[in-house]
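Right, one structure below, let's go through it.
Protein chains: 2
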Amino acid sequence: MEIRHLDLLRDIARRGTLTAVAAATHRTPSALSQQLRTAERELGVKLVEPASRGIRLTAAGQLLAEGAEDILQRIARLQARVEASAGAPRGQVRIGTLPSAGEVLLPPLMDALAATAIQIDLDDFDIAEEDFAAQTLDADIVIGHSLTGDVPTGASGLISTVLTREPLDIALPQDHPLAGRLSLSPEDVIGCDWIGVPHRYPFDSIPVAIEQLTGRSIRRVVRLRDNHLVEALVAQGQGVALLPRFTTRARDGVVLRPLTGVRAERAIVALSRPDRHARLAVREVTKLLVEIGRDLSETHAHDRHHRA
Amino acid sequence: MEIRHLDLLRDIARRGTLTAVAAATHRTPSALSQQLRTAERELGVKLVEPASRGIRLTAAGQLLAEGAEDILQRIARLQARVEASAGAPRGQVRIGTLPSAGEVLLPPLMDALAATAIQIDLDDFDIAEEDFAAQTLDADIVIGHSLTGDVPTGASGLISTVLTREPLDIALPQDHPLAGRLSLSPEDVIGCDWIGVPHRYPFDSIPVAIEQLTGRSIRRVVRLRDNHLVEALVAQGQGVALLPRFTTRARDGVVLRPLTGVRAERAIVALSRPDRHARLAVREVTKLLVEIGRDLSETHAHDRHHRA
DNA sequence: AATCTATATGTAGGCTAACTACATGGAGAT
DNA sequence: ATCTCCATGTAGTTAGCCTACATATAGATT
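Here the protein sequences line up with chains W and H, keeping their order. To convert, take the position in the first sequence, counting from 1, and add 68; that gives the numbering used here. To convert, take the position in the second sequence, counting from 1, and add 68; that gives the numbering used here.
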């Protein structure tokens with residue numbers, strides 16, 4: 069029995085098809101099929117059987133996959149202990165991030181890692197809150213966010229670390245009538261033209277909350293994903309929008325004002341599967357992200373004082 | 069990290085030198101040395117360091133070896149569960165045995181295994197009681213014996229199964245004055261010429277007990293290892309000897325008489341390391357040995373009735 | 001002191017086996 | 001009926017594990 073076989077069984081259990089596992093591990097389905105038959109020959113037991121267009125684990129395969137989950141995690145922990153006892157963290161760490169959070173977190177991270185033996189492999193995506201958890205199959209650390217609390221929906225069983233809590237402010241054109249106010253209430257902004265995000269995208273939950281609170285509905289003139297594009301349109305006077313405070317850089321023509329009366333912040337969170345989090349390098353990167361997140365909060369706490 | 073590396077570290081911890089591990093695993097020391105460096109490179113940590121003529125595990129190596137022990141045992145148990153759930157026991161089982169016990173246990177065992185997918189790899193040795201435990205490094209099952217109790221000395225941490233308790237009888241020439249008696253006491257036999265075994269060999273503990281009990285010393289005319297040779301010399305009239313009842317086949321010129329007043333029996337025991345015992349095939353063979361041992365006791369219980 | 005022996009390591013080459021590319025086959029979906 | 005997705009089979013390439021042999025070192029032996 070080889071680790072490679074345990075890995076394969078676990079991945080099949082997680083992803084369902086050989087093709088999916090092959091894509092995730094940068095191999096061909098043929099290679100996996102051959103490995104599977106090697107494992108079956110060595111164990112003397114059928115592990116998968118055809119089902120619909122794909123395959124399904126047999127009872128024995130299921131058993132093995134569950135045991136593999138446990139064993140691979142123990143191996144990861146052992147390896148982490150060994151590294152911690154006698155070595156510096158090393159190796160590649162795959163980070164998946166939503167772009168707005170990555171924009172402020174990753175440059176300082178790369179800076180901090182320059183002197184270490186840790187390499188970062190980066191991926192970005194812009195997805196719904198409940199899909200962040202699934203990304204932990206591919207990445208060691210997923211930087212996501214939650215609008216509803218400190219742990220994104222669907223992240224049970226994952227290690228979830230809050231990096232920072234970022235206020236979501238109302239972005240206004242500099243010459244907007246409300247730009248003179250220090251903070252804004254739902255009633256202040258319900259009548260404005262809004263630049264929103266697509267349905268089901270995390271940020272949308274706050275305009276929705278405003279609508280519920282005031283009993284009136286918001287006029288969304290356009291729905292966009294990219295915050296920088298939104299920012300440009302706000303500056304140009306198309307409407308107001310909700311933008312994360314840390315990511316929205318000072319820019320001519322746009323001002324940010326805190327929104328009161330609704331919980332307008334997102335928790336930026338790092339998610340990892342337990343086995344991946346066992347790696348020393350992964351924990352080291354998470355630790356650095358927490359520090360960067362803390363610095364970010366502190367810096368912007370000062371900013372606000374200046375503006376106020 | 070590969071299972072092969074965990075195995076290697078564990079074996080180094082157990083056997084101390086690369087040469088010993090190489091001999092046990094049928095490889096060259098060079099191969100192991102290369103594997104060690106591969107593991108060190110992958111982990112980024114030194115695992116061994118030169119010490120005296122050989123090597124010694126570093127702190128990290130020690131840690132890894134201990135963790136490997138645990139993980140490899142879990143893998144073995146998982147594999148056993150899978151086999152049990154969907155397959156018949158399979159594969160090679162290495163048995164080390166002391167010849168006298170193997171002589172009666174193994175023929176019926178081979179018979180019982182003929183219909184299965186279990187192959188037996190056999191080794192035999194004639195060693196002191198406290199050395200049986202060490203043999204479990206090489207064999208899946210060690211058939212040994214204990215004169216002092218049900219578990220041989222040095223077998224702590226091993227799985228020990230009593231296969232049978234075999235009386236040790238006094239073997240006499242057919243025409244010996246004492247041959248007419250149904251049983252013999254220490255006083256009866258203390259004055260005879262004895263054919264003994266070498267010092268520290270298990271059987272020697274009983275003549276020693278007789279000497280202690282009677283306060284007189286036994287006259288050993290010769291010390292031999294091989295029971296069949298002893299038997300031949302008894303038949304020829306050289307003296308009396310202590311012989312195991314089940315193994316000493318009916319033979320012209322020799323009679324066996326029970327010895328009373330001292331505990332004259334040996335426990336025949338199967339020993340296995342826990343990780344090896346996890347294999348279904350190993351447990352199956354152990355189970356068969358227990359059955360064969362029980363049959364043996366019953367058969368000879370009848371024998372004695374006949375003779376008495 | 002010189003030699004011997006046990007142990008580990010380095011190098012070159014052979015062989016196994018894991019992988020890729022490509023082709024085939026089957027089962028749902030359109 | 002065709003298309004699409006998924007698994008499997010075949011041939012050839014390649015990586016890496018192992019052996020054989022040579023070398024280095026430290027303790028044991030004479």
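Where is the CB? At the ideal position from N, CA and C, for every residue including glycine.
- Following the DSSP letters along the chain, one finds H/H213 inside the beta strand (DSSP E) bounded by residues 209 to 214.
- Listed in chain order, the non-local C-beta contacts of W/S168 below 7 Å within the same chain comprise N295, P312, T315, local neighbours out to five positions each way being set aside.
- Between H/A81 and H/A144 a beta carbon distance of about 17 Å is seen, past the 8 Å cut, so the two are scored as non-contacting.
- Residue pairing by DSSP places H/G283 in no beta bridge whatsoever.
- Taken in chain order, the complete alpha helix (DSSP H) segments of 4 or more residues contained in the segment 250 to 284 of chain W are 254 to 257, 273 to 282.
- Closest in C-alpha terms to W/A309, from the list W/Q130, W/D237, W/P254, comes W/D237.
- For H/R105, the closest Cβ of chain W is not nearer than 7 Å.
- Beta-bridge partners of W/E117 (DSSP): W/R124.
- Rounded to whole angstroms, W/Q242 and W/L356 show a C-alpha spacing of 36 Å.
- Using a Cβ distance threshold of 7 Å, W/D218 and W/A335 count as a contacting pair.
- Distance between W/S365 and W/L173, taken at the CA atoms: about 12 Å.
- No Cβ-Cβ contact shorter than 7 Å links W/A349 with W/T229.
- DSSP places W/T106 inside the alpha helix (DSSP H), whose first and last residues are 97 to 111.
- Contact between H/G329 and H/P254 holds: their C-beta atoms lie close to 5 Å from each other, under 8 Å.
- Secondary-structure assignment with DSSP links W/T229 through a beta bridge to W/A338.
- Under the Cβ criterion of 7 Å, H/Q147 is counted among the residues facing chain W.
- Spatial neighbours of H/V358 in its own chain (CB-CB distance under 7 Å, excluding positions within 5 residues in sequence) are listed in chain order as T229, L231.
- Under the three-state reduction of DSSP output, H/G164 falls in the strand class.
- Per DSSP, the beta-bridge partners of H/I188 are H/V161.
- The Cβ atoms of H/L190 and H/I211 do not sit closer than 7 Å to each other.
- For the segment 172 to 183 of chain H, there are no residues whose beta carbon sits under 9 Å from a beta carbon of chain W.
- Only residues of its own chain outside the window of five on either side were considered, and among them R287, V289, G307 have a CB closer than 6 Å to the CB of W/D261, listed in chain order.
- Within 7 Å of the CB of H/V161, no CB atom of chain W is found; the nearest one sits about 15 Å away.
- Taken in chain order, the complete beta strand (DSSP E) segments of 3 residues or longer contained in the segment 287 to 340 of chain H are 287 to 291, 308 to 312, 322 to 325, 333 to 340.
- Our two residues, W/V257 and W/R124, have alpha carbons roughly 53 Å apart in a direct line.
- The C-alpha of W/G305 is placed about 11 Å away from the C-alpha of W/V298.
- Cβ-Cβ separation between W/S340 and W/D208: approximately 6 Å, consistent with a contact (criterion under 8 Å).
- When the alpha-carbon of W/T221 is set against those of W/A201, W/L205, W/I227, the nearest one is in W/A201.
- Closer than 9 Å at the C-beta level to chain H, one finds no residue of the segment 316 to 350 of chain W.
- In the DSSP assignment, H/A223 falls outside any alpha helix (DSSP H), carrying neither H nor E.
- Per DSSP, reduced to three states, the secondary structure at W/L205 is coil, with no helix or strand assignment.
- Using a Cβ-Cβ cut-off of 7 Å, W/V113 counts as an interface residue toward chain H, since at least one Cβ of chain H sits closer than that to its own.
- Not flagged as an interface residue toward chain W: H/E352, since no C-beta distance is shorter than 7 Å.
- The alpha carbon of H/G170 has as its nearest neighbour, out of H/I188, H/A91, H/T87, H/T184, the alpha carbon of H/I188.
- For H/H244, there is no enclosing alpha helix (DSSP H), as DSSP gives it neither H nor E.
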